[in-house]
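Step one of this worksheet: look at the structure below.
Residue numbers (the working numbering): 3 to 295.
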């Protein structure tokens with residue numbers, strides 16, 4: 003059974019009262035696959051995605067490819083776990099002529115290499131959507147990954163226990179650990195999505211991961227939509243959410259994993275202006291459905 007809640011706290015309260023999870027910043031990330039090159043939109047060819055039909059006609063082959071990807075992720079994660087020891091080390095020195103950056107590596111880049119951990123789930127979904135420009139239904143493919151960084155999230159959970167009331171909720175929210183873990187968790191999911199796209203020969207939008215601990219960086223998937231299941235936010239009151247999302251902060255919809263036979267649902271979410279015709283609904287909605295054992 004999932005426990006879904008939103009906890010509001012003042013910025014001055016101690017960190018020891020924050021109900022943080024051992025899976026902080028776990029979430030679901032979705033990337034829309036790019037259409038096949040040479041697709042003629044005027045002829046109505048976009049009605050059927052031939053790559054989706056190809057994948058559906060060889061489900062056993064898809065399972066083998068996905069198992070191979072997950073096996074590689076499992077092996078690499080055992081050798082290079084993500085932890086707070088991988089955080090950037092930004093050292094500065096004060097001088098009468100100005101401050102100097104003393105670190106021997108790129109600013110904001112990880113101090114150690116780490117590999118993504120096996121996700122809660124990852125898969126390829128397909129669906130029919132209608133665009134805003136024309137009323138043509140398009141068949142699209144999406145790669146969806148849900149998970150995070152278990153080892154680093156445990157580091158964060160233990161850190162909150164250790165500092166107790168010696169730090170406030172506002173200081174926790176603004177801490178370097180929170181910013182790094184949130185971003186690293188997203189990068190982990192995007193790395194997995196990119197690995198799946200490479201294995202299945204799917205074209206996706208990519209971006210350079212400038213935080214990677216390497217001389218030239220690496221490419222990861224560019225997320226189309228993302229929803230965090232466990233998060234801490236700075237609003238009028240500091241908020242800790244568990245299996246819930248603040249729709250007022252959602253930028254491109256809310257992803258909700260449904261029953262496996264229904265896949266992933268994308269909700270628009272409530273509008274922050276309650277006087278608007280699109281308003282209605284509570285500003286927080288659950289990000290998981292009830293699972294009956």
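From the three backbone atoms N, C-alpha and C, an ideal C-beta is built for every residue, glycine too.
Ends of the beta strand (DSSP E) at residue i?
i           : result
residue 374 : Residue 374 is absent from the model: the chain starts at 3 and stops at 295.
residue 256 : 256-259
residue 223 : 220-223
residue 246 : 246-248
What would DSSP say about residue i, mapped onto helix, strand or coil?
i           : result
residue 233 : strand
residue 18  : helix
residue 200 : helix
residue 195 : helix
residue 209 : strand
residue 173 : helix
residue 27  : coil
residue 9   : strand
residue 101 : In this prediction, residue 101 has a pLDDT of 48, which is less than 50 and means its spatial position is unreliable; what the coordinates show is noted afterwards. In the structure shown, residue 101 sits in coil (DSSP, three-state: anything other than H, G, I, E or B).
residue 267 : strand
residue 178 : helix
residue 227 : strand
Which residues bound the alpha helix (DSSP H) around residue i?
i           : result
residue 80  : 61-81
residue 153 : 152-165
residue 142 : Where residue 142 is concerned, there is no enclosing alpha helix (DSSP H), although the beta strand (DSSP E) it sits in stretches over 139-149.
residue 57  : 52-58
Taking only the alpha-carbon atoms, compute the straight-line gap between residue i and residue j and give it to the nearest angstrom.
i           : j           : result
residue 66  : residue 214 : 29 Å
residue 154 : residue 84  : 6 Å
residue 234 : residue 174 : 9 Å
residue 156 : residue 119 : 13 Å
residue 14  : residue 78  : 41 Å
residue 87  : residue 139 : 48 Å
residue 216 : residue 128 : 34 Å
residue 80  : residue 137 : 48 Å
residue 51  : residue 141 : 5 Å
residue 172 : residue 268 : 31 Å
residue 190 : residue 224 : 12 Å
residue 54  : residue 36  : 12 Å
residue 34  : residue 195 : 10 Å
residue 59  : residue 232 : 37 Å
residue 247 : residue 38  : 34 Å
Are residue i and residue j close, meaning C-beta to C-beta below 8 Å?
i           : j           : result
residue 126 : residue 143 : yes
residue 89  : residue 112 : yes
residue 221 : residue 206 : no
residue 227 : residue 257 : yes
residue 9   : residue 230 : no
residue 32  : residue 146 : yes
residue 177 : residue 29  : no
residue 124 : residue 198 : yes
residue 18  : residue 167 : yes
residue 115 : residue 82  : yes
residue 211 : residue 219 : yes
residue 57  : residue 162 : no
residue 259 : residue 148 : yes
Could you name the residues of the same chain whose beta carbon sits closer than 8 Å to that of residue i, not counting the 5 residues immediately before and after it, in chain order?
i           : result
residue 130 : 139, 140, 141, 142
residue 159 : 22, 23, 24, 26
residue 76  : 120
Less than 6 Å between C-beta atoms, sequence neighbours within five positions excluded: which residues of the same chain meet that for residue i?
i           : result
residue 16  : 167
residue 46  : Bear in mind that the predicted position of residue 46 carries a pLDDT of just 48, short of 50, making it too unreliable to give a figure here.
residue 254 : 227
residue 132 : 139
Here's a check: name, in chain order, each residue in its chain whose Cβ is nearer than 7 Å to the Cβ of residue i, leaving out the five neighbours to either side.
i           : result
residue 71  : 197, 198, 201
residue 165 : 17
residue 179 : 86, 158, 161
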